[in-house]
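For reference, the structure discussed in these notes is given below.
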Amino acid sequence: MHDHTSPEPVTIPLGGGVSRADDHAFLQRLIRTLDPSHPAPDRLAASFLARFGSAGMALSAHVGGLDEVTGRETVLPPLLAVVREAALRLHRARVRRTDILAGHAGLVAYLQACMGHEVIEQFRVLFLDEQFHLLADELMGTGTVNHSPVYPREIMRRALALGAERLVLAHNHPAGQPEPSPADIEMTLRIAQIGRIMQVTVHDHIIVGNGCTHSFREAGLLV
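Residues 1 to 223 (full-length UniProt numbering) make up the sequence shown, in order.
Next comes the structure, spelled out in structure tokens:
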């Protein structure tokens with residue numbers, strides 16, 4: 001006799017304020033949905049939380065990091081990558097309609113989801129309007145694990161094309177420590193200086209580590 005009961009719907013968490021128990025229950029449901037034959041979804045969900053700290057951070061993890069938890073003989077890592085992309089698309093749609101990026105917590109949560117577990121350094125720019133609505137989130141450069149080329153004039157040219165009035169710069173430190181280097185500071189101040197001439201405000205520069213961030217604005221490096 002076949003069971004025709006529909007699977008329990010899985011809601012992807014896009015914001016903060018979720019308890020560890022909720023994260024564990026969500027990951028169990030997600031594992032059962034993606035891999036109904038998995039022998040121990042409860043234990044795997046606990047392993048994800050132990051390794052990554054939260055369901056959101058697990059979903060934002062690189063496939064290689066997921067492999068370390070699941071093992072290579074499972075379909076879960078590539079399927080979780082698809083779920084991650086779906087979540088990011090929903091998140092971007094949300095921030096396009098609201099001013100959630102005006103607050104530091106919303107900004108950090110968004111950037112952690114986008115790049116918190118990337119293994120190659122990348123430089124992103126969030127182009128915002130006056131009300132902090134997202135106009136575009138664009139990858140402006142990638143590099144080795146410790147270098148990502150940045151071209152300030154290209155950033156400003158793109159800002160003018162989009163009609164952006166504010167920018168948030170962001171890059172990741174794959175090694176996990178978010179403290180800015182002298183080159184990071186010099187580059188940020190140069191972009192901010194060009195922005196003042198072009199009447200485009202550099203609102204912040206966020207460095208994303210593994211589970212931690214550094215805000216230039218909060219550190220007093222941008223005013």
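The beta-carbon is built from N, C-alpha and C at its ideal position, and this holds for glycine as well.
Taking the beta carbon of residue i as the centre, do at least 16 other beta carbons fall within 10 Å, making it buried, or is it exposed?
| i | result |
| --- | --- |
| T70 | buried |
| T188 | buried |
| A213 | Here the sequence assigns Thr to residue 213, which means Ala is not the residue at that position. Label assigned to T213: buried. |
| M198 | exposed |
| V145 | Residue placement at V145 is poorly supported in this model, since its pLDDT is 48, which falls under 50; the coordinates are not used for a value here. |
| G195 | buried |
| D184 | buried |
| D204 | buried |
| residue 269 | Any property of residue 269 remains undetermined from this structure, which presents the chain solely from 1 to 223. |
| V223 | exposed |
| P36 | exposed |
| L66 | buried |
| V125 | buried |
| E68 | exposed |
| A105 | exposed |
| Q131 | exposed |
| E118 | buried |
| L44 | buried |
| L80 | buried |
DSSP has residue i in a bridge; who is on the other side?
| i | result |
| --- | --- |
| D204 | V168 |
| G141 | F123 |
| S19 | Answer by DSSP bridge pairing: none, since S19 is not bridged. |
| T98 | Its beta-bridge partners do not exist; DSSP assigns none. |
| A61 | H117 |
| T213 | V208 |
On the premise that residue j lies in contact with residue i, defined as a C-beta separation below 8 Å, what is that separation, rounded to the nearest angstrom?
| i | j | result |
| --- | --- | --- |
| R84 | L134 | That pair is no contact at about 18 Å. |
| I206 | L101 | That pair is no contact at about 11 Å. |
| R158 | F127 | 7 Å |
| G143 | G176 | 17 Å between Cβ atoms; not a contact. |
| G64 | G211 | In fact, because the Cβ distance is near 17 Å, the residues do not count as touching under 8 Å. |
Figure out for me which residue from the options has the closest Cα to the Cα of residue i.
| i | options | result |
| --- | --- | --- |
| P182 | F216, A21, A175 and F52 | F216 |
| R96 | R166, A58, D129 and D204 | D129 |
| R153 | A192, A45, G64 and A55 | A192 |
| R89 | D67, A113, T74 and L66 | A113 |
| A46 | T33, P178 and A25 | A25 |
| A21 | L34, M156 and A55 | A55 |
| A161 | V200, R124, P174 and D42 | V200 |
| L59 | A109, E165, P39 and D99 | A109 |
| P178 | A219, Q131 and R32 | A219 |
| F123 | A170, L49 and A105 | A170 |
| P174 | Q28, D42, L66 and H62 | H62 |
| L167 | L107, P41, E118 and I31 | L107 |
| I31 | L76, E186 and M57 | L76 |
| residue 238 | A50, L34 and P41 | Missing from the structure shown is residue 238; the chain here goes from 1 to 223 and no further. |
| A136 | R51, G53, E165 and M57 | E165 |
| A40 | V150, M156 and L27 | L27 |
| F52 | R29, P78, H38 and D23 | D23 |
| R190 | N172, Y151, L49 and P180 | Y151 |
| I19 | D42, V202 and L49 | Residue 19 is actually Ser in this sequence, not Ile. When each option's Cα is compared against that of S19, the closest is L49. |
Next on the checklist: Which runs of the beta strand (DSSP E) at least 3 residues long sit entirely within the region 102-135? Give them in chain order.
Outcome noted: 122-128
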